[in-house]
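These notes are about the structure you will find just below.
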Amino acid sequence: MKKLFIISALLGAMFFTSCEDFLDVNYTKDSPITTSVDQVLPVATFYASQICYDHAEYGVYMCQALTTTGKSQTGSYPYSQGWEFLGVNRHPMWRRHFYDLGANIKKMNEIAEENGNRNAILIGRTIMLASTMFTTDAFGDMPRSEVYQSAAPKYDSQQEVYDWMFEEAEELIRLYNDPTWVNCPTNIPITEKMDRIYAGDMKKWEMYCRAIQARLWLRKLPNWDNTPATCQKIIEMVDHVLNDANWQEPRYYYPGGVTESNCPWGPFAPKINSWESRDNRLASSIPTTFFLHGILGGIDKTFIPNRGYALDPRAARIFEQRSSEKGAMLHLESNIGMDQSKKLTNYPDLYASTTLTNPYTQNTGYIALITQEELMFIKAEAQYWAGDNAGAYNTTMEATKFNMERYGMPEAQVTNGSLGTNLKNQYRRFFDIKFKTIQDNFTIADIMQQKYVAMYLQPEQWTDMRRYNYSSSTNGIAYYDPKTSQPVYVYTVKHVHNGVPAQFSHRDPLKSDSVNFYDKQGNPNTYSLRRPYNLYEAYWCTPEDYANGVDEAEGLSPNAWVARLNADTETETKYNKKELDRIGYYTTNAAGEKILDYNVLKRRMIWAHKNNDKVYVPNSIPWK
1 MKKLFIISAL LGAMFFTSCE DFLDVNYTKD SPITTSVDQV LPVATFYASQ
51 ICYDHAEYGV YMCQALTTTG KSQTGSYPYS QGWEFLGVNR HPMWRRHFYD
101 LGANIKKMNE IAEENGNRNA ILIGRTIMLA STMFTTDAFG DMPRSEVYQS
151 AAPKYDSQQE VYDWMFEEAE ELIRLYNDPT WVNCPTNIPI TEKMDRIYAG
201 DMKKWEMYCR AIQARLWLRK LPNWDNTPAT CQKIIEMVDH VLNDANWQEP
251 RYYYPGGVTE SNCPWGPFAP KINSWESRDN RLASSIPTTF FLHGILGGID
301 KTFIPNRGYA LDPRAARIFE QRSSEKGAML HLESNIGMDQ SKKLTNYPDL
351 YASTTLTNPY TQNTGYIALI TQEELMFIKA EAQYWAGDNA GAYNTTMEAT
401 KFNMERYGMP EAQVTNGSLG TNLKNQYRRF FDIKFKTIQD NFTIADIMQQ
451 KYVAMYLQPE QWTDMRRYNY SSSTNGIAYY DPKTSQPVYV YTVKHVHNGV
501 PAQFSHRDPL KSDSVNFYDK QGNPNTYSLR RPYNLYEAYW CTPEDYANGV
551 DEAEGLSPNA WVARLNADTE TETKYNKKEL DRIGYYTTNA AGEKILDYNV
601 LKRRMIWAHK NNDKVYVPNS IPWK
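For the sequence shown, this note's numbering begins at 1 and goes up steadily by one.
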């Protein structure tokens, strides 16, 4: 087996990185370790895809798209077993950034600088820019400026990290357009074997860098710097990328076979670097009530318990009925645990790769470092906050259609009936309900709910939800619509589909009583995001406790959810405790001992703070 092991130091510890032979790099265990750019670059691009997976794998549970069958209070998978984060030995994203990516790219760039391989440096810096954004958006403050200089490097504030990222993006775009860099005579040819994403096409890497910049600027919305000038700049960034002939979605394709050669979302479920990673749990996970029933419009089991229909045609591409079993659209509230009378086979198959198209959950699938529809949704969000409601509506609809196409449903083939009459009717009905009938009352909720579906198994799904502070009727946090000045709950779904499959024919849903979009009082059927059940009691108060005044001294909100992850306990609490203490990771218990402070998990990121009057927060719910 051909493997590459590059040895470096982080926080005084030794580490190893490895990739399977499909990366085709060489190493002989009995020889001194030497390396070159052509050996390290394949490793860097491989881990660029892996860190996307790492963040998405956590995020899909954190944002309540999926839940698991159990409800125990502790475990090494904190998002599925009690949400107990401080006791987990390692979050894989931390290692991926600092060890697998950071140390390898640092070494590659040093070699490339010596040899004049400037294009390799550009690729390495671009990957690290994206990885840094993932990392700070998950953990907040983090080592950056002094990261490899000592065993206990300084933690930069998240503001400092963001200041650096804004500058780095501008600098990289300048260098991508500098002939002394991209056309440097000492640049080595970058082949497909070395770069499985773009095969050394620097114009494509530039467009990816610009896409990262657009994602970076999106963090200013809706709370941080939500101004017309910011919105216009974001729109221009996205347009520049999508209108450029060199734009190509950055995808890392997996050939399939054994271990790391399989897509991490596929049924093989490879685990990279053993215990330090998380293999996907799709085989034992269940769609949540919020996602399947609320967002996708899956029919409630009380209506048709053995059929797999939903308002959104993507539901059947994401969740597939298991063979010879019922309940293709069954779901659970987040972290409530599976009823003893139910079997896992009663719930949908989340791989959904046998009969219908799901590009992610196959062993030969791909990881997209950023998707085209994400860029379109970035633009739509900026248009909305700039007051261009019509533009936001059209962009959101096009982004949704593009995501439908990703799941094997191109609009032309659906509407001409070549994919079947049932799908044609379902597709038409979906767009009638989710777009046509609400065109004049289109809000940020409509944008973000469609983006939520499109970002399934993508890192941004959880980041988006935190940017909007889990806005829902359950926590009372809302955002004022620029057009009507009325508060909107972003993750409360109106007109939840609870009808029957026969109603998929084209009808006006708002005039048809038979589709059950309204309750008996004439109010729209709604479903709102809820705080997960069984949150670890040491960390999270219950609504009942809060109502009884138990936690008022601490000012805890009954809807306080996870806002960030804690820094890696395997390395940081051992080697850099002083810095963690400085940034507020520790508290003193009754015995006078310093212990990890669970309130760290509740601290909002800088882009989630209330910095303008666009956020509505009821007086009864503290902004904590």
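Heads up, the beta-carbon is just placed ideally off N, CA and C, and yes, glycines get one too. Just so it is clear, the structure is predicted and the values come from calculations on it, not from any experiment.
For W224, the nearest candidate out of G297, S528, Q159 and E570 (CA to CA): Selected option, being the one with the closest Cα: Q159.
If I'm right that R196 touches T45 with Cβ under 8 Å, what's the distance once you round it to whole angstroms? 6 Å
Tell me, please, which residues DSSP counts as bridged to R251. A368
Taking just the CA atoms, how far does H495 sit from N475? 20 Å
Can you check whether the CB of Y309 is closer than 7 Å to the CB of P250? no
From the DSSP output, in three-state form, read off E320 for me. strand
Report the three-state DSSP secondary structure of L155 (helix, strand or coil). Rather than Leu, the amino acid found at residue 155 in this sequence is Tyr. Strand.
DSSP-derived helix/strand/coil call for K342: coil
Contact defined as beta carbons within less than 8 Å: I believe P270 pairs with E260. What is the distance between those atoms, to the nearest angstrom? 5 Å
Can you list the beta strand (DSSP E) stretches of 3 or more residues lying completely in the segment 38 to 75, in chain order? 66 to 68
Cβ neighbours of T135 in the same chain (closer than 7 Å, five flanking residues each side left out): M93, H97 and M142
Roughly how many angstroms lie between the CA atoms of H367 and R429, to the nearest whole one? With the sequence shown as reference, residue 367 is identified as Ile, and His is not the correct amino acid for it. Answer to the nearest angstrom: the Cα atoms are 31 Å apart.
What's the C-alpha gap between S514 and I272? A caution first: S514 carries a pLDDT of 44, below 50, which makes its placement in the model unreliable, though a value can still be read off. The straight-line gap from Cα to Cα measures roughly 50 Å.
Can you give me the Cβ contacts of E168 inside the same chain, cut-off strictly under 6 Å, excluding the 5 residues immediately before and after it? Counting only residues of its own chain and dropping the five nearest sequence neighbours on each side, E168 has a CB closer than 6 Å to the CB of L129.
To the nearest angstrom, report how far apart S472 and N358 are at their CA atoms. 29 Å
DSSP-derived helix/strand/coil call for P143: strand
Which listed residue (V60, R582, A591 and I121) has its alpha carbon closest to that of T186: Minimum Cα distance to T186 is reached at I121.
Give the single residue among Y393, A454 and L457 whose Cα lies nearest to the Cα of T437. Y393
In the DSSP assignment, what residue or residues form a beta bridge with I286? Per DSSP, T67.
For the beta strand (DSSP E) containing A454, list its first residue and its last residue. Unbroken run through A454 is the alpha helix (DSSP H), I444 to A454; no beta strand (DSSP E).
Grouping DSSP H, G and I as helix and E and B as strand, with all else coil, what is G294? helix
Which same chain residues end up closer than 6 Å to I105 when comparing Cβ atoms and leaving out the 5 residues on each side of it in sequence? A44, G124 and M128
Let me confirm a value: P618 is counted as buried when at least 16 other C-beta atoms fall within 10 Å, else exposed. Which label applies? The residue is exposed, with fewer than 16 neighbouring Cβ atoms inside 10 Å.
Assigned exposure category for V615 - 16 Cβ within 10 Å defines buried: Around the beta carbon of V615, 16 or more other beta carbons lie within 10 angstroms, which makes this residue buried.
Taking the alpha carbon of G337 as the point to measure from, which residue in S150, S284, E411 and L419 has its own alpha carbon closest? S284
Nonlocal neighbours in the same chain, by C-beta distance under 6 Å from R604, ignoring five residues either side: A563
Note down the Cα distance separating Y456 from Y53, rounded to an integer number of angstroms. 11 Å
Taking only three categories from DSSP, how would you classify A214? helix
For S471, which of helix, strand or coil comes out of DSSP? In the displayed model, S471 falls within coil according to three-state DSSP, outside both helix and strand.
Under the DSSP definition of a beta bridge, which residues are partnered with T587? I595
From the DSSP output, which residues share a beta bridge with D349? Checking the DSSP bridge columns, you'll see D349 partnered with E320.
Can you give me the C-alpha to C-alpha distance between T191 and S36, rounded to a whole angstrom? Whole-angstrom Cα-Cα distance: 14 Å.
Excluding sequence positions up to five away, which residues of its chain have a Cβ less than 7 Å from the Cβ of N280? E57, P264, W265 and A269
Could you check whether M62 and W385 sit closer than 7 Å to each other, using their CB atoms as the reference points? At the C-beta level, W385 and M62 stay beyond 7 Å of one another.
Just how far apart, CA to CA, sit L221 and G140? 17 Å
If you draw a straight line from the C-alpha of K342 to the C-alpha of R406, how long is it? 33 Å
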